[in-house]
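Protein chains in written order, with the numbering used here: chain A, 171 to 431; chain B, 5 to 258.
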Amino acid sequence: MKLFGKKISDRWLGVLAILLSLLLWQALASLVVKNPFILPSPIDVATAFLALIGSGTILKDIWVSLIHFGIGLGTALLIGIPIGIAMGWFRGIDSFLDPVIEIIRPIPPLAWIPFAIVWFGLTNASAGFVIFIGAVFPILINTYSGFRGIPRIFVEAGKMLGCTSNGALIRYIAFPSALPQIAAGIRIASGVGWMCLVAAELFGVSKYGLGQKLWFFYNLHQMDSVVVYMLLLGMIGLFFDWLFRYYIDRHFLRWRSGEVA
Amino acid sequence: MGDLVIRNLTRSFVRDDGELLTAVENINLTIRQEEFICVLGPSGCGKTTFLRMVAGLDQATSGEIILDGEEIRGPNPKIGIVFQEYSLFPWRNVIDNVAFGLEMQGIEREERYRIADQYLDLVGLSQFRASYPSELSGGMKQRVAVARALALDPVVLLMDEPFGALDAQTRNLLQKELLEIWEKTKKTIIFVTHSVDEAVFLGDRLIVLTSRPGSICEIVTIDLDRPRNRTSIEFAKVRRQVLDLIAQPKCSLQ
Numbered sequence: 171m172k173l174f175g176k177k178i179s180d181r182w183l184g185v186l187a188i189l190l191s192l193l194l195w196q197a198l199a200s201l202v203v204k205n206p207f208i209l210p211s212p213i214d215v216a217t218a219f220l221a222l223i224g225s226g227t228i229l230k231d232i233w234v235s236l237i238h239f240g241i242g243l244g245t246a247l248l249i250g251i252p253i254g255i256a257m258g259w260f261r262g263i264d265s266f267l268d269p270v271i272e273i274i275r276p277i278p279p280l281a282w283i284p285f286a287i288v289w290f291g292l293t294n295a296s297a298g299f300v301i302f303i304g305a306v307f308p309i310l311i312n313t314y315s316g317f318r319g320i321p322r323i324f325v326e327a328g329k330m331l332g333c334t335s336n337g338a339l340i341r342y343i344a345f346p347s348a349l350p351q352i353a354a355g356i357r358i359a360s361g362v363g364w365m366c367l368v369a370a371e372l373f374g375v376s377k378y379g380l381g382q383k384l385w386f387f388y389n390l391h392q393m394d395s396v397v398v399y400m401l402l403l404g405m406i407g408l409f410f411d412w413l414f415r416y417y418i419d420r421h422f423l424r425w426r427s428g429e430v431a
Numbered sequence: 005m006g007d008l009v010i011r012n013l014t015r016s017f018v019r020d021d022g023e024l025l026t027a028v029e030n031i032n033l034t035i036r037q038e039e040f041i042c043v044l045g046p047s048g049c050g051k052t053t054f055l056r057m058v059a060g061l062d063q064a065t066s067g068e069i070i071l072d073g074e075e076i077r078g079p080n081p082k083i084g085i086v087f088q089e090y091s092l093f094p095w096r097n098v099i100d101n102v103a104f105g106l107e108m109q110g111i112e113r114e115e116r117y118r119i120a121d122q123y124l125d126l127v128g129l130s131q132f133r134a135s136y137p138s139e140l141s142g143g144m145k146q147r148v149a150v151a152r153a154l155a156l157d158p159v160v161l162l163m164d165e166p167f168g169a170l171d172a173q174t175r176n177l178l179q180k181e182l183l184e185i186w187e188k189t190k191k192t193i194i195f196v197t198h199s200v201d202e203a204v205f206l207g208d209r210l211i212v213l214t215s216r217p218g219s220i221c222e223i224v225t226i227d228l229d230r231p232r233n234r235t236s237i238e239f240a241k242v243r244r245q246v247l248d249l250i251a252q253p254k255c256s257l258q
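Okay, here's the thing in structure tokens:
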């Protein structure tokens, strides 16, 4: 079949798979399980979605979740990048901080929830804190290893061209050289942070939020609405990933094109 | 004025097992301004260490390097370098690579682009000013690296086997272009190579190093007229003379 270009037929294959999954899901739900609490069908979910749009809290939920996520990721960037730079560039700071970080890092972010509540109460900052814990280490580690992996030749070439102070070398040589890896760290961090969101909103920091509503509808046993929020969480996560893959990579890391085939 | 004086230059390293390893031993040399010097020696003979000390990237264990009466102790704007490895900053396009040194000196964008464009024109790559290094061939990268080093108008240009990674044809072409640039810009050039052919084609004088530790075995003055012809009988004679020299036990290339 050369009627379509390869790309177009590939794309149709993907669409076909989604349609088949929906059909299978519908068949499983309405013919096998026959219990919308255990497995709501796609039609149940679509109906629930339309009802939820009518009641009008979806946008507010998204907004509040984005605030939580923004607080967490923003703080993680503000703290993770400078510490990663300092540890990657100055050996003394690396030796000094590394043991402390290696002890704290393996603690799962959700294990911090009790202290998030004790320290910040039931506030947006509290949810932000849990997301921060999840996001800060991938950013820190990637910034650090990006700085560690700077080819010596770039630093020496910079020095020979009059870029000699630590500040100038970090700004003009090391940071741009490490940027692809820092960006990869931010991308991982946004994924981890988004995963922490659902748990962070579980303990009632706000009246709205995608994670909060997920638990809310679970308690009401409205599993079709739970699926709506699951899909929303997935799609917004996908959107962040897409933002990184297409926007950041193409606009800020254009120089890498051609380096990796 | 402008002479580069090297006195009793020695560099030794302490190896991990505690043994003292001498890479460069007691080099004495005076290089006149605008001279083209080739340093010839086998891999690992200390020629890169020697060049790094002149660049100020490595400190001598003893001895001194004096340019224009000023001792070289660290990177100095009077000395530019082109490395063997590709050293262009991949995140900057060609013009911003060439203008990098000027930017570090705080020169305004318009002025530094004006100067950088001149040097880019000198190496014949004006039409690639907006390209990124990943889009250039090996030969083009090294041309840009030459322009970048020249943009700061150094007195001395150091070149560490800059054409080592290029194919033979590109290499010959770049050697010719380098000589033209040298004649136009009147730089002192110290060019490290392990190729006798390259050294005889380029240099006014050849410094032949012994291997391990690197010290001067012999200095050969090359009296061939420029432009030199690689296939002429005179060229072949000098080439044979140098090849015979480095085959002798006293400065044997192993």
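All C-beta atoms, glycine included, are put in the ideal place defined by N, C-alpha and C.
Opening and closing residue of the alpha helix (DSSP H) in which residue i lies
i, result
"A354 of chain A", "345-370"
"E326 of chain A", "322-330"
"S235 of chain A", "228-259"
"R152 of chain B", "142-154"
"V202 of chain A", "Here V202 of chain A belongs to no alpha helix (DSSP H), and DSSP marks it neither H nor E."
C-beta neighbour in chain A for residue i, strict 9 Å
i, result
"L156 of chain B", "yes"
"P166 of chain B", "no"
"L61 of chain B", "yes"
"Y136 of chain B", "yes"
"A153 of chain B", "yes"
"R96 of chain B", "yes"
"S91 of chain B", "yes"
"R15 of chain B", "no"
"P79 of chain B", "yes"
"I70 of chain B", "no"
"E222 of chain B", "no"
"F195 of chain B", "no"
"F54 of chain B", "no"
"L257 of chain B", "Bear in mind that the predicted position of L257 of chain B carries a pLDDT of just 46, short of 50, making it unreliable; the figure below should be weighed with that in mind. No, its Cβ sits nowhere closer than 9 Å to a Cβ of chain A."
"Q179 of chain B", "no"
For residue j and residue i, believed in contact at Cβ under 8 Å, the rounded distance
i, j, result
"L124 of chain B", "A151 of chain B", "5 Å"
"V368 of chain A", "L384 of chain A", "6 Å"
"Q246 of chain A", "V288 of chain A", "Here the sequence assigns Ala to residue 246 of chain A, which means Gln is not the residue at that position. About 21 Å separates the two Cβ atoms, so there is no contact after all."
"S376 of chain A", "N294 of chain A", "6 Å"
"Y388 of chain A", "V397 of chain A", "Contact flag wrong, Cβ pair sits at about 11 Å."
"R230 of chain B", "F239 of chain B", "The Cβ separation is near 11 Å, so there is no contact."
"I223 of chain B", "I211 of chain B", "6 Å"
"F87 of chain B", "D164 of chain B", "6 Å"
"W195 of chain A", "S211 of chain A", "7 Å"
"P46 of chain B", "K329 of chain A", "That belief does not hold up - the Cβ atoms of P46 of chain B and K329 of chain A are roughly 28 Å apart, past 8 Å."
"I301 of chain A", "H238 of chain A", "6 Å"
Among the options, nearest to residue i - alpha-carbon criterion
i, options, result
"L1 of chain B", "B:L55, B:Y90, B:Q122", "What the structure shows of chain B is the stretch from 5 to 258, and residue 1 of chain B is not part of that stretch, so it cannot be assessed."
"L25 of chain B", "B:T53, B:Q122, B:S16, B:D208", "B:S16"
"A359 of chain A", "A:T217, A:Q392, A:F410", "A:F410"
"I226 of chain B", "B:I41, B:T34, B:M163, B:Q37", "B:I41"
"V58 of chain B", "B:L44, B:E38, B:P46, B:K82", "B:K82"
"I99 of chain B", "B:G128, B:Q63, B:P79", "B:G128"
"E75 of chain B", "B:L8, B:A134, B:G168", "B:L8"
"R341 of chain A", "B:E115, B:K188, B:F104", "B:F104"
"F132 of chain B", "B:V148, B:G142, B:I119", "B:V148"
"I69 of chain B", "B:I31, B:E23, B:L228", "B:I31"
"L13 of chain B", "B:E184, B:E29, B:L247", "B:E29"
Residue i at chain B interface by Cβ criterion, 9 Å
i, result
"Y416 of chain A", "no"
"A327 of chain A", "yes"
"R424 of chain A", "yes"
"I255 of chain A", "no"
"M330 of chain A", "yes"
"I343 of chain A", "yes"
"S315 of chain A", "no"
"L353 of chain A", "Reading the sequence as shown, one finds Ala at residue 353 of chain A and not Leu. Taking Cβ atoms only, chain B never reaches closer than 9 Å to A353 of chain A, which makes this a no."
"L346 of chain A", "The sequence shown places Pro at residue 346 of chain A, not Leu. By this cut-off, P346 of chain A is an interface position."
"L349 of chain A", "yes"
"C333 of chain A", "yes"
"A338 of chain A", "yes"
Continuous beta strand (DSSP E) stretch holding residue i: start and end
i, result
"D201 of chain B", "No beta strand (DSSP E) holds D201 of chain B; the alpha helix (DSSP H) holding it covers 200-206."
"D4 of chain B", "Because chain B here runs from 5 to 258, residue 4 of chain B falls outside it and cannot be looked at."
"V224 of chain B", "220-225"
"A27 of chain B", "24-35"
"S16 of chain B", "8-18"
"F54 of chain B", "Counting along the chain, F54 of chain B falls outside any beta strand (DSSP E), though it belongs to the alpha helix (DSSP H) covering 51-59."
"E68 of chain B", "66-71"
"T334 of chain A", "Looking at the DSSP string, T334 of chain A is not in any beta strand (DSSP E), and its letter there is neither H nor E."
"R209 of chain B", "209-213"
"L161 of chain B", "160-164"
Within-9 Å CB hit, residue i to chain C
i, result
"F324 of chain A", "Absence of chain C from the displayed structure is noted, the protein chains being A and B."
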